[in-house]
Amino acid sequence: MTHGCIVETSITSRERDIITRLCEGMKGVEVVKALGISNQKALSNALQRLRQKLGYKTSLQMFYDLGTRVFTIEEVEEE
Numbered sequence: 001m002t003h004g005c006i007v008e009t010s011i012t013s014r015e016r017d018i019i020t021r022l023c024e025g026m027k028g029v030e031v032v033k034a035l036g037i038s039n040q041k042a043l044s045n046a047l048q049r050l051r052q053k054l055g056y057k058t059s060l061q062m063f064y065d066l067g068t069r070v071f072t073i074e075e076v077e078e079e
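If you're matching positions, the sequence shown starts at 1 in UniProt numbering and goes up one per residue.
Rendered as structure tokens:
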């Protein structure tokens, strides 16, 4: 049984990689190193854009839902 709902959205492959690693339990600094992101601020900015794309008012709610909902993700090319 799946809890939550299915959300369809278009995100970049980089955003998908960030989500995947955070859902795996990696800390921000580990995500920065694993993905070759320039610094924590760049990761923070990417998460802010992702939060806005997904329509969340708070990052806390976004992270809660990422852990409990099933997302159907259609990748788009990175800008």
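From the three backbone atoms N, C-alpha and C, an ideal C-beta is built for every residue, glycine too.
Does DSSP classify T58 as helix, strand or coil? coil
So what's S10 in DSSP terms, helix, strand or just coil? strand
Given a cut-off of 8 angstroms on the beta-carbon distance, is the pair V31 and R21 in contact? yes
What is the DSSP secondary structure of N45, counted as helix, strand or coil? helix
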